[in-house]
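K.L.:
Going down the list, the sequences are from chains A and B.
Counting in the numbering used here, the first sequence runs from 24 upward without gaps.
Counting in the numbering used here, the second sequence runs from 24 upward without gaps.
Protein chains: 2
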Amino acid sequence: MSSTASCVPAVGEEEISSIGRGLCVLLGVSVEDTQKDADYIVRKILNLRLFEDEAGRAWTKSVVDRDFEVLCVSQFTLQCVLKGNKPDFHSAMPAELAQPFYHSILENLRSSYKPELIKDGRFGAYMQVHIQNDGPVTIDLTSPMGPSDPRQLSKQEKQQQRKEKTRSKGPSESSREKGAARSRRDPNASSGADGDVSSDREP
Amino acid sequence: MSSTASCVPAVGEEEISSIGRGLCVLLGVSVEDTQKDADYIVRKILNLRLFEDEAGRAWTKSVVDRDFEVLCVSQFTLQCVLKGNKPDFHSAMPAELAQPFYHSILENLRSSYKPELIKDGRFGAYMQVHIQNDGPVTIDLTSPMGPSDPRQLSKQEKQQQRKEKTRSKGPSESSREKGAARSRRDPNASSGADGDVSSDREP
Numbered sequence: 024m025s026s027t028a029s030c031v032p033a034v035g036e037e038e039i040s041s042i043g044r045g046l047c048v049l050l051g052v053s054v055e056d057t058q059k060d061a062d063y064i065v066r067k068i069l070n071l072r073l074f075e076d077e078a079g080r081a082w083t084k085s086v087v088d089r090d091f092e093v094l095c096v097s098q099f100t101l102q103c104v105l106k107g108n109k110p111d112f113h114s115a116m117p118a119e120l121a122q123p124f125y126h127s128i129l130e131n132l133r134s135s136y137k138p139e140l141i142k143d144g145r146f147g148a149y150m151q152v153h154i155q156n157d158g159p160v161t162i163d164l165t166s167p168m169g170p171s172d173p174r175q176l177s178k179q180e181k182q183q184q185r186k187e188k189t190r191s192k193g194p195s196e197s198s199r200e201k202g203a204a205r206s207r208r209d210p211n212a213s214s215g216a217d218g219d220v221s222s223d224r225e226p
Numbered sequence: 024m025s026s027t028a029s030c031v032p033a034v035g036e037e038e039i040s041s042i043g044r045g046l047c048v049l050l051g052v053s054v055e056d057t058q059k060d061a062d063y064i065v066r067k068i069l070n071l072r073l074f075e076d077e078a079g080r081a082w083t084k085s086v087v088d089r090d091f092e093v094l095c096v097s098q099f100t101l102q103c104v105l106k107g108n109k110p111d112f113h114s115a116m117p118a119e120l121a122q123p124f125y126h127s128i129l130e131n132l133r134s135s136y137k138p139e140l141i142k143d144g145r146f147g148a149y150m151q152v153h154i155q156n157d158g159p160v161t162i163d164l165t166s167p168m169g170p171s172d173p174r175q176l177s178k179q180e181k182q183q184q185r186k187e188k189t190r191s192k193g194p195s196e197s198s199r200e201k202g203a204a205r206s207r208r209d210p211n212a213s214s215g216a217d218g219d220v221s222s223d224r225e226p
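Next comes the structure, spelled out in structure tokens:
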């Protein structure tokens, strides 16, 4: 996601929506994502301290603290796995499942913040997304590996999980922190087929 | 990086540079990055098939195939590690080292392609980067873990490395493929300090 001075997704000449200062979230849903991943991402979008305070001190205020806007755009290409120079998108959740999942994230954002400050693009549409990246500031946010399979957790990751639990103090943190985890997908993992499995999806 | 219809970084009213169709690359350099990582990233930027061919078939042509432009912008915030809701940037290469590293990547891109089609922002400057993300198409590109510490390689990653070596056929691939690897940094790893170690860098 990026810190924006403005962001406007458009289909042809039609502007779908627009925000001013805030966050443009390009959201790629994985086949393995669950409600817990969605909750984690919503919490981080709203609570990460990516903005300056009124005195200009950087990295002190969240989008919620500043009353800024959030624009979400579905972006399955973020789930790309490289097969040599070929992008493969089989790790992305299929559109018929990703669409309700994406909309549930939007609803979660709206119910956790001010609904009128949460905007979105048009799921699956071919769009021109005009982003004025302010800074620029771009953060790569992935929901962390979950406790469902503790054998896969490295010592460092376990420590980090404990730290995150200990340090969480945000307004919408306490009740959800316990479940905030999922299996981190291996970005090098094969999507299971040996032959030509590059996606036939259009952007 | 994003597929662009246009991208224009600006400092105040001054437009630093601009591209039309092509790739906007937001480049975050890690403290652990080496020449091999740089070579890998350059090769993937130039050779990934992210564009359609003349018949409109998606994911068939690279930026080089289409004679499109590349705009690189330094973006240390991509090396963010979360400490709860606090972004920490100690994993980013310090600016005095990252600047020559970033410029060597630009030179590598220029010498591997047409120099006049490689543009850049202004290292370290506070900019407004106007990106028209076409699609949108955004790819999260990380140089893979290197063979320097094979104990850290999972079986899947080793297989993937072998596959990438076998499948590489791009014009600028053969000589560099052997060295294309580095240690994947653990995004949850601590930056080594226990107290308040959030970055004091401005965007």
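Quick reminder that beta carbons are idealized off the backbone N, C-alpha and C, glycines included.
Note that the structure is a prediction, hence the values are computed from the model and not measured.
Counting pairs of Cβ atoms below 8 Å between the segment 25-39 of chain B and the segment 137-145 of chain B, do you hit three or more?
P.N.:
These segments touch.
K.L.:
Measuring only the C-alpha atoms, how far is valine 34/B from leucine 129/A?
P.N.:
Using only the alpha carbons, I get a separation of about 33 Å.
K.L.:
Return the bridge partner residues of threonine 161/B from the DSSP annotation.
P.N.:
Threonine 161/B is bridged to Ser25/B.
K.L.:
Let me make sure I understand the geometry here. Which of Val96/A, Ile162/A, Glu139/A, Val86/A has the alpha-carbon closest to that of tyrosine 125/A?
P.N.:
The shortest Cα separation from tyrosine 125/A among Val96/A, Ile162/A, Glu139/A, Val86/A belongs to Val96/A.
K.L.:
Just to check my reading of the structure: valine 86/B and leucine 69/B have Cβ atoms closer than 8 Å, yes? What is that Cβ distance to the nearest angstrom?
P.N.:
Between leucine 69/B and valine 86/B the Cβ distance is about 6 Å, and since that is below 8 Å, they are a contact.
K.L.:
Within the segment 118-144 of chain B, note down every full beta strand (DSSP E) run reaching 3 residues or more, in order along the chain.
P.N.:
The segment 118-144 of chain B contains these whole beta strand (DSSP E) runs: 141-143.
K.L.:
For isoleucine 39/A, which beta-bridge partners are listed by DSSP?
P.N.:
Bridge partners of isoleucine 39/A: none, in fact.
K.L.:
If you measure beta-carbon to beta-carbon, which residues of the segment 144-155 of chain A are closer than 9 Å to chain B?
P.N.:
Listed in sequence order: Gly144, Tyr149, Met150, Gln151, Val152, His153, Ile154, Gln155.
K.L.:
Which of the residues in the segment 68-94 of chain A, read from start to end, lie with their CB under 8 Å from any CB of chain B?
P.N.:
Hits within the stretch, in order: Asn70, Leu71, Arg72, Leu73, Ala81, Trp82, Ser85.
K.L.:
Let me see if you follow: with CB-CB separation under 8 Å, is glycine 218/A close to chain B or not?
P.N.:
Summary for glycine 218/A: the model assigns pLDDT 35, below 50, so the residue's position carries little reliability; its value from the coordinates is reported in the next sentence. No, no contact with chain B.
K.L.:
Within the 8 Å Cβ cut-off, does leucine 50/A reach chain B?
P.N.:
With 8 Å as the cut-off, leucine 50/A does not count as an interface residue toward chain B.
K.L.:
Which full runs of the alpha helix (DSSP H) of 4+ residues lie inside the segment 31-83 of chain A, going along the chain?
P.N.:
Whole alpha helix (DSSP H) segments, 4+ residues: 58-70.
K.L.:
By how many angstroms is the C-alpha of glycine 51/B removed from the C-alpha of phenylalanine 99/B?
P.N.:
In a straight line, the C-alpha of phenylalanine 99/B is about 5 Å away from that of glycine 51/B.
K.L.:
Please check the pair glutamine 102/B and serine 114/B, which I expect to be a contact at CB under 8 Å, by giving their CB distance rounded to whole angstroms.
P.N.:
Yes, glutamine 102/B and serine 114/B are in contact; Cβ-Cβ is about 4 Å, under 8 Å.
K.L.:
Does the CB of glutamine 122/A have a neighbour CB from chain B at under 8 Å?
P.N.:
So no, glutamine 122/A is outside the interface.
K.L.:
Assign glutamine 155/A to one of three DSSP states: helix, strand, or coil.
P.N.:
Of the three classes helix, strand and coil, the one that applies to glutamine 155/A here is strand, per DSSP.
K.L.:
Taking Cβ positions only, does valine 96/B come closer than 8 Å to chain A?
P.N.:
Yes - at least one Cβ of chain A is within 8 Å of the one on valine 96/B.
K.L.:
Between threonine 57/A and chain B, is the shortest Cβ-Cβ distance under 8 Å, so that the two count as touching?
P.N.:
For threonine 57/A, the answer is no, since every Cβ of chain B falls outside 8 Å of its Cβ.
K.L.:
Kindly list, in the order they appear in chain B, the residues whose Cβ is closer than 7 Å to that of alanine 28/A.
P.N.:
Residues of chain B passing the Cβ test: Gln151.
K.L.:
Excluding the 5 residues preceding and the 5 following asparagine 131/A in the sequence, name in chain order all residues of the same chain whose CB lies nearer than 8 Å to its CB.
P.N.:
Within the same chain, asparagine 131/A has close Cβ partners Ala61, Asp62, Val65.
K.L.:
Along chain A, in chain order, which residues have C-beta atoms closer than 9 Å to that of aspartate 60/B?
P.N.:
What aspartate 60/B touches in chain A: nothing, since even the nearest Cβ is about 15 Å away.
K.L.:
Is the Cβ-Cβ distance between serine 26/B and aspartate 157/B less than 8 Å?
P.N.:
A contact, by the Cβ cut-off of 8 Å.
K.L.:
By a C-beta neighbour count over all protein chains shown, 10 Å radius and 16 as the cutoff for buried, is proline 167/A buried or exposed?
P.N.:
Proline 167/A is buried by the Cβ-count criterion.
K.L.:
Hey, is lysine 109/B's beta-carbon within less than 8 Å of any beta-carbon in chain A?
P.N.:
Yes, because at least one Cβ of chain A sits closer than 8 Å to the Cβ of lysine 109/B.
K.L.:
Shorter than 8 Å from the beta carbon of arginine 199/B to some beta carbon of chain A?
P.N.:
Any reading at arginine 199/B needs caution, since the residue's pLDDT is 32, under 50, leaving its predicted position unreliable; the model's value is listed next. Answer no: the Cβ-Cβ gap between arginine 199/B and chain A never drops below 8 Å.
K.L.:
Who are the near neighbours of leucine 94/B in its chain, counting only those whose CB is closer than 6 Å to its CB and skipping five residues on each side?
P.N.:
Cβ neighbours of leucine 94/B beyond the five flanking positions: Cys30, Ile42, Cys47, Lys142.
K.L.:
Classify glycine 79/B: buried if its beta carbon has 16 or more other beta carbons within 10 angstroms, exposed otherwise.
P.N.:
Exposed: under 16 other Cβ atoms inside 10 Å.
K.L.:
Since proline 110/B is in the beta strand (DSSP E), which residue starts that stretch and which ends it?
P.N.:
That run of the beta strand (DSSP E) goes 109-111.
K.L.:
Return yes when the Cβ of arginine 72/A is within less than 8 Å of the Cβ of proline 110/B, no when it is not.
P.N.:
For proline 110/B and arginine 72/A, yes; Cβs fall inside 8 Å.
K.L.:
Can you say whether leucine 120/A is buried or exposed, counting buried as having 16 or more other CB atoms within 10 angstroms of its CB?
P.N.:
By the 10 Å Cβ count, leucine 120/A comes out exposed.
K.L.:
Indicate whether lysine 84/B and phenylalanine 74/B have their beta-carbon atoms separated by less than 8 Å.
P.N.:
Contact flag set, yes.
K.L.:
In or out: tyrosine 136/B buried (at least 16 other Cβ within 10 Å) or exposed?
P.N.:
It counts as buried.
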